[in-house]
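See structure below.
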Amino acid sequence: MLGVCYYPEHWPEDWWAADAQCMRELGITYVRIGEFAWSRYEPRRAEFAWGWLDRAMNTLGGAGLKIVLGTPTATPPKWLVDEFPGLTPIDEQGRPRGFGSRRHYTFSSQAYWRESARIVEALAERYGQHAALVGWQTDNEYGCHNTVLSWGAEDLKAFRAWLRRNYQSPERLNEAWGSAFWSMEVRSFDEVALPNLTVTEPNPAARLDYWRFQSEQVAAYDRMQCDIVRRHSPGRWITHNFMGFFNDFDHWQVGDHLDFASWDSYPIGLVERFPFGDAERERWQDTSHPDIAPFHHDLYRGVGRGRFWVMEQQPGPVNWAPWNPAPARGMVRLWTLEAHAHGADVVSYFRWRQASFAQEQMHAGLNLPNSHELSPGGREAAMAANDLARLGELPATAQAQVAIVYDYEAHWITAIQPHGVDFRYPELVFRWYEAIRRLGLDVDFVAPGAPLENYRLVLAPSLPIVSDGAERALVAATGIVAFGPRSGSKTRHFSIPEDLPPGPLQRLLNSRVTEVSSLRPGVKVGISGAICGHAERWREQVETRAETLATFADGAPALIVEDNYLYLACWPNVDALSMFMALLCRKAGLSTIELPGEVRLRRRGDLTFAFNYGETPWRAPFSGQPLLGEPEVVPRNFTIWRS
Ligand code: GAL
Numbered sequence: 002m003l004g005v006c007y008y009p010e011h012w013p014e015d016w017w018a019a020d021a022q023c024m025r026e027l028g029i030t031y032v033r034i035g036e037f038a039w040s041r042y043e044p045r046r047a048e049f050a051w052g053w054l055d056r057a058m059n060t061l062g063g064a065g066l067k068i069v070l071g072t073p074t075a076t077p078p079k080w081l082v083d084e085f086p087g088l089t090p091i092d093e094q095g096r097p098r099g100f101g102s103r104r105h106y107t108f109s110s111q112a113y114w115r116e117s118a119r120i121v122e123a124l125a126e127r128y129g130q131h132a133a134l135v136g137w138q139t140d141n142e143y144g145c146h147n148t149v150l151s152w153g154a155e156d157l158k159a160f161r162a163w164l165r166r167n168y169q170s171p172e173r174l175n176e177a178w179g180s181a182f183w184s185m186e187v188r189s190f191d192e193v194a195l196p197n198l199t200v201t202e203p204n205p206a207a208r209l210d211y212w213r214f215q216s217e218q219v220a221a222y223d224r225m226q227c228d229i230v231r232r233h234s235p236g237r238w239i240t241h242n243f244m245g246f247f248n249d250f251d252h253w254q255v256g257d258h259l260d261f262a263s264w265d266s267y268p269i270g271l272v273e274r275f276p277f278g279d280a281e282r283e284r285w286q287d288t289s290h291p292d293i294a295p296f297h298h299d300l301y302r303g304v305g306r307g308r309f310w311v312m313e314q315q316p317g318p319v320n321w322a323p324w325n326p327a328p329a330r331g332m333v334r335l336w337t338l339e340a341h342a343h344g345a346d347v348v349s350y351f352r353w354r355q356a357s358f359a360q361e362q363m364h365a366g367l368n369l370p371n372s373h374e375l376s377p378g379g380r381e382a383a384m385a386a387n388d389l390a391r392l393g394e395l396p397a398t399a400q401a402q403v404a405i406v407y408d409y410e411a412h413w414i415t416a417i418q419p420h421g422v423d424f425r426y427p428e429l430v431f432r433w434y435e436a437i438r439r440l441g442l443d444v445d446f447v448a449p450g451a452p453l454e455n456y457r458l459v460l461a462p463s464l465p466i467v468s469d470g471a472e473r474a475l476v477a478a479t480g481i482v483a484f485g486p487r488s489g490s491k492t493r494h495f496s497i498p499e500d501l502p503p504g505p506l507q508r509l510l511n512s513r514v515t516e517v518s519s520l521r522p523g524v525k526v527g528i529s530g531a532i533c534g535h536a537e538r539w540r541e542q543v544e545t546r547a548e549t550l551a552t553f554a555d556g557a558p559a560l561i562v563e564d565n566y567l568y569l570a571c572w573p574n575v576d577a578l579s580m581f582m583a584l585l586c587r588k589a590g591l592s593t594i595e596l597p598g599e600v601r602l603r604r605r606g607d608l609t610f611a612f613n614y615g616e617t618p619w620r621a622p623f624s625g626q627p628l629l630g631e632p633e634v635v636p637r638n639f640t641i642w643r644s
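Here the numbering used here is used: the first residue of the sequence shown is 2, the next is one more, and so on.
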């Protein structure tokens with residue numbers, strides 16, 4: 002149930018056997034290799050140097066390790082970049098992003114597609130049936146370092162072709178984009194320009210289509226790799242390692258053709274990535290916030306259709322955030338068990354040994370950079386291996402009773418036209434997730450349009466475009482369904498619905514939104530009624546024939562209900578949000594436990610896990626002797642009960 006990321010090409014060959022042996026002794030079963038090694042696979046065009054990889058795979062496999070092989074397309078080698086200068090990406094300001102780190106390619110380069118297909122095929126042909134090979138990882142972290150949206154000549158060419166396919170005629174394109182505005186009409190697809198470097202903001206509809214287009218390219222590129230691998234490597238699975246708080250492409254689409262999803266869990270690094278205020282950053286600086294890793298475990302379990310791995314687990318301080326504290330003692334072990342509680346099949350640490358050279362030399366590994374001396378994180382990985390061995394095979398993960406609809410387009414739309422600079426979709430969803438998890442509940446994430454019938458409670462923190470499929474699923478939902486602000490506020494082509502927001506949701510909610518208002522920091526609009534607190538950042542004016550459950554200070558509806566559908570017309574503060582979640586749970590008939598800010602629960606089959614991110618013990622309201630851990634959950638530790 003544990004794995005590790007290993008780079009044989011970084012270490013003397015006479016260390017490999019001892020490394021493999023130590024991995025086994027630590028309790029590691031899986032080893033991921035190869036995802037950046039193109040310059041070692043193919044030092045010159047068509048001159049393959051497989052010898053070292055043969056020996057590495059045989060050594061690792063010989064020690065009983067199961068190998069996950071990465072396709073090396075995140076790092077095209079220098080000779081390839083020189084041959085095809087057009088494959089490097091261009092940033093939004095029009096500057097080239099050159100060779101010398103990684104991800105220096107655009108998904109729009111046809112030459113790069115051909116070259117990727119060629120190296121993937123060569124690798125899959127050679128190792129697809131290797132006895133120690135169990136699975137594949139495609140590329141590495143699509144989109145990392147802001148590389149989904151590239152803005153060069155190749156991108157423009159591919160975008161025009163995409164528009165031609167989607168709109169057939171320039172007239173239809175002009176109509177869809179509302180190009181009569183500011184004389185933006187084009188007479189042919191060749192007149193379409195990239196929606197960047199305009200004097201003021203570009204047409205939001207063009208921008209949204211550009212995002213969709215690049216997102217679809219990521220999915221198609223991944224599918225191309227999967228098709229090749231599947232041809233040569235029967236019986237092996239394929240995954241991709243997604244990232245945390247990353248929304249530049251539609252992960253549901255990529256997940257569709259993978260065997261399962263995986264993600265790279267850097268809980269402390271992500272504290273710096275998330276728009277927390279200083280107080281929260283400080284509070285969670287060396288433990289992480291107790292919902293950051295779980296949020297992504299649940300999201301990627303959804304993307305993986307019930308299955309996921311943590312492909313890279315933070316083992317100590319990372320190198321890439323503005324500040325990189327060492328995790329508080331206990332956290333590496335806690336995160337490992339927590340991932341399993343959320344249904345992970347495997348947790349694989351990044352990396353076996355800290356590198357003493359190049360960009361990531363300040364990034365911890367399970368071992369110190371010298372040779373075989375475990376780091377503090379390595380010692381905790383050994384403890385986690387021991388815990389997992391004591392637990393034995395874990396029961397299957399059941400469907401949760403609460404679902405959150407996660408919509409990548411919602412992020413694109415609200416990022417393109419935030420209306421208030423702090424209207425951030427990922428943050429809104431995270432806060433709703435946090436509030437429902439504070440009530441002790443398990444959560445599944447679902448794509449818009451996924452079946453909702455089996456959920457007692459469905460949360461859609463914001464769903465600006467309600468597609469026909471999403472509408473059908475929402476109509477068919479039998480539990481309580483709660484929508485947040487801006488739901489139903491846009492058409493597919495980024496305009497306001499003819500009959501006003503919430504567009505297709507009007508018939509479910511019996512209401513119209515006639516005005517929206519973004520609120521400067523510090524501005525609060527009181528809310529009272531079934532929920533109390535205030536709106537911040539955003540509020541709406543709703544006209545309704547439905548029942549009003551709470552009103553704003555000026556008497557306008559803040560929360561309405563029609564049958565099993567509720568609409569919250571604002572960005573709620575913490576108090577209003579937690580009362581809202583409690584109200585929803587009562588309506589849905591869900592029993593809840595109010596947890597302290599540092600504690601979370603999670604069930605897997607008949608096991609209940611409690612995780613304590615705090616500094617004081619937590620006395621759990623459960624009877625019976627724990628399977629593992631203390632009845633009072635120790636700080637930075639966990640307890641597991643069997644029911
Ligand atoms: C991930 C990446 C790894 C390594 C790691 C460092 O984003 O996949 O290759 O760079 O971060 O934390």
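Each residue gets a CB set at the ideal place from its N, CA and C atoms; glycine is no exception. These figures come from a predicted structure and were not determined experimentally.
Please return the same chain residues whose Cβ sits closer than 7 Å to the Cβ of residue i, not counting the five positions on each side in sequence.
{"i": "residue 417", "result": "205, 208, 209"}
{"i": "residue 411", "result": "426, 463, 464, 465"}
{"i": "residue 635", "result": "613, 618"}
{"i": "residue 399", "result": "606"}
{"i": "residue 224", "result": "258"}
{"i": "residue 511", "result": "545, 546, 547, 563"}
Leaving aside the five residues before and after residue i along the sequence, list all residues of the same chain whose C-beta is less than 8 Å from its C-beta, in chain order.
{"i": "residue 340", "result": "266, 294, 298, 311, 314, 348"}
{"i": "residue 376", "result": "316, 317, 355, 365, 366, 367, 368, 369"}
{"i": "residue 188", "result": "171"}
{"i": "residue 1", "result": "The chain is shown only over 2 to 644; residue 1 falls outside these bounds and no answer can be derived."}
{"i": "residue 415", "result": "424, 425, 426, 463, 465, 487"}
Pull up the CB-CB distance for residue i and residue j, whole angstroms please, since I reckon it's below 8 Å.
{"i": "residue 578", "j": "residue 432", "result": "6 Å"}
{"i": "residue 335", "j": "residue 612", "result": "6 Å"}
{"i": "residue 651", "j": "residue 50", "result": "With the chain represented from 2 up to 644, any question about residue 651 goes unanswered, as that position is not in the structure."}
{"i": "residue 526", "j": "residue 484", "result": "Rounded, the Cβ-Cβ distance is 19 Å, inconsistent with contact."}
{"i": "residue 292", "j": "residue 434", "result": "6 Å"}
{"i": "residue 152", "j": "residue 93", "result": "5 Å"}
Could you say which of the options lies nearest to residue i if we only look at CA atoms?
{"i": "residue 194", "options": "211, 573, 182", "result": "211"}
{"i": "residue 454", "options": "336, 481, 435", "result": "481"}
{"i": "residue 40", "options": "15, 27, 103", "result": "103"}
{"i": "residue 533", "options": "558, 581, 568", "result": "581"}
{"i": "residue 428", "options": "308, 222, 69, 573", "result": "573"}
{"i": "residue 344", "options": "170, 625, 606", "result": "606"}
{"i": "residue 105", "options": "127, 125, 121, 73", "result": "73"}
{"i": "residue 588", "options": "637, 640, 458", "result": "458"}
{"i": "residue 323", "options": "332, 282, 520, 300", "result": "282"}
{"i": "residue 326", "options": "352, 301, 381, 270", "result": "270"}
{"i": "residue 159", "options": "70, 357, 114", "result": "114"}
{"i": "residue 96", "options": "53, 140, 154", "result": "154"}
{"i": "residue 284", "options": "328, 302, 303", "result": "328"}
Using a 10 Å radius around the Cβ and a threshold of 16 neighbouring Cβ atoms, would you call residue i buried or exposed?
{"i": "residue 584", "result": "buried"}
{"i": "residue 541", "result": "buried"}
{"i": "residue 288", "result": "buried"}
{"i": "residue 182", "result": "exposed"}
{"i": "residue 600", "result": "buried"}
{"i": "residue 597", "result": "exposed"}
{"i": "residue 9", "result": "buried"}
{"i": "residue 34", "result": "buried"}
{"i": "residue 424", "result": "buried"}
{"i": "residue 242", "result": "buried"}
{"i": "residue 504", "result": "buried"}
{"i": "residue 389", "result": "buried"}
{"i": "residue 4", "result": "buried"}
{"i": "residue 363", "result": "exposed"}
{"i": "residue 80", "result": "exposed"}
Below 6 Å CB to CB, which residues in the same chain sit around residue i once its five sequence neighbours on both sides are set aside?
{"i": "residue 449", "result": "406, 408, 471"}
{"i": "residue 379", "result": "367, 368"}
{"i": "residue 215", "result": "149, 150"}
{"i": "residue 384", "result": "334"}
{"i": "residue 501", "result": "513"}
{"i": "residue 566", "result": "482, 509, 510"}
Mind checking whether the beta-carbon of residue i lies closer than 6 Å to any heavy atom of ligand 3?
{"i": "residue 265", "result": "Ligands present in the displayed structure are limited to ligand 1, and ligand 3 is not among them."}
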